[in-house]
Amino acid sequence: MVENDLSPASITSNLGTHFVGQRVIYYPSLTSTMEVAKQEAQLGAGEGTVVVADEQTAGRGRMKRVWLSPKGSIALSIILHPSVANLPSLVMLASLAVVHSIEAVTGLRAQVKWPNDVLVNGKKICGILIESSVRGKIVDYAIIGIGLNVNLRFADFSEIQSMATSLSAELGRDVSRLRLIRRLLVEVEGLYLALQAGGSIYEEWRDSLITLGRKIRVKSGETVYEGVAESVARDGSLLLRNFSGSLSKIVAGDATLRD
Ligand code: BTN
Numbered sequence: 074m075v076e077n078d079l080s081p082a083s084i085t086s087n088l089g090t091h092f093v094g095q096r097v098i099y100y101p102s103l104t105s106t107m108e109v110a111k112q113e114a115q116l117g118a119g120e121g122t123v124v125v126a127d128e129q130t131a132g133r134g135r136m137k138r139v140w141l142s143p144k145g146s147i148a149l150s151i152i153l154h155p156s157v158a159n160l161p162s163l164v165m166l167a168s169l170a171v172v173h174s175i176e177a178v179t180g181l182r183a184q185v186k187w188p189n190d191v192l193v194n195g196k197k198i199c200g201i202l203i204e205s206s207v208r209g210k211i212v213d214y215a216i217i218g219i220g221l222n223v224n225l226r227f228a229d230f231s232e233i234q235s236m237a238t239s240l241s242a243e244l245g246r247d248v249s250r251l252r253l254i255r256r257l258l259v260e261v262e263g264l265y266l267a268l269q270a271g272g273s274i275y276e277e278w279r280d281s282l283i284t285l286g287r288k289i290r291v292k293s294g295e296t297v298y299e300g301v302a303e304s305v306a307r308d309g310s311l312l313l314r315n316f317s318g319s320l321s322k323i324v325a326g327d328a329t330l331r332d
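So for the sequence shown, our numbering puts the first residue at 74; every next one is plus one.
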């Protein structure tokens, strides 16, 4: 029997972090942890405050998409106060923290699809959303939102079955969400402290990408690029060799692997 208690005490007790997850706000059900985290951040919530929900009724994805997060999944948001220089690295930090946690808790190999989807066996298992409020060189706050498919049966969600998977579907057994969340918070803090100390997480993020060397299609705003993903820059943008031979630097977008 896998335990299912996501109470703040069960998450924070002996967590071993200095600030990430030392304050946890838990809801059995809410619209979106991003919404509540934003309100908390605007009220001055401290660095590392976490909002976690058993289920979201209006989960938000990238590009204004809906994110399904029924009971059995992990939906959480972490409030941080990074420097403006470290803001672009949060995408890398979050995806690496998820990859590390999945591997540590389940032994499954996870990879990143540019910019920040986490895949297991080629299917999306986790989505990451970063929202921030920046004034000039001051970051008021940044929020990392993580949605991880843990104990989900995809027969119940036929609309995403072909592209998505869950840890339970891959393993054939349920996984402790509590263990995953606790590990995730430890990983986020470790990578964040490394960044603040001037370390780079770019190389490891680049090496964990499933995208490089692959034929891809990227939709960025109204523009569609098709070509081969050649490399990624230190700021996280993608360098794509168009089939015409020219090179495009794409800051944000939605990538589909073509081979
Ligand atoms: C994506 O489109 O891939 C990003 C999905 C991000 C979902 C997470 S779940 C926790 C947090 N709350 C939300 O409403 N969205 C993010």
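For every residue, glycine included, the Cβ atom is placed at its ideal position computed from N, Cα and C.
Exposure label - residue i; buried when at least 16 CB within 10 Å
i: S235; result: exposed
i: S86; result: exposed
i: M74; result: Caution applies to M74, whose pLDDT of 49 falls short of 50 and renders its modelled position unreliable; the value that the coordinates give is listed next. By the 10 Å Cβ count, M74 comes out exposed.
i: Q129; result: buried
i: G271; result: exposed
Near the ligand BTN: residue i beta-carbon under 8 Å from a heavy atom
i: K197; result: yes
i: D127; result: no
i: R250; result: no
i: T238; result: no
i: G369; result: Absent from the model: residue 369. The displayed extent of the chain is 74 to 332, so no value can be given.
i: S235; result: no
i: T106; result: yes
i: S142; result: yes
i: P131; result: A quick correction: the sequence has Ala, not Pro, at residue 131. Yes, the ligand BTN has a heavy atom inside 8 Å of this Cβ.
i: I219; result: yes
i: S150; result: yes
Short CB-CB distance (under 9 Å) between residue i and chain B
i: V157; result: This model lacks chain B altogether, as it is built from one protein chain only.
Proximity to residue i [Cα-Cα], best of the options
i: N194; options: R255, A237, L202; result: A237
i: L149; options: P161, R255, E295; result: R255
i: V301; options: S281, I323, D308, Y265; result: I323
i: C199; options: L268, K186, G263, L264; result: K186
Residue i to residue j span [Cα, whole Å]
i: A320; j: L312; result: Position check: residue 320 holds Leu in this sequence, whereas Ala was assumed. Approximately 7 Å, taken between the alpha carbons.
i: A183; j: D280; result: 12 Å
i: L240; j: S206; result: 33 Å
i: D78; j: K144; result: 12 Å
Given 8 Å as the limit, is there contact between the stretch 112-125 and the stretch 148-165, that is, 3 or more CB pairs closer than that? yes
Does the contact criterion of 3 or more C-beta pairs under 8 Å hold for the stretch 242-252 versus the stretch 274-289? no
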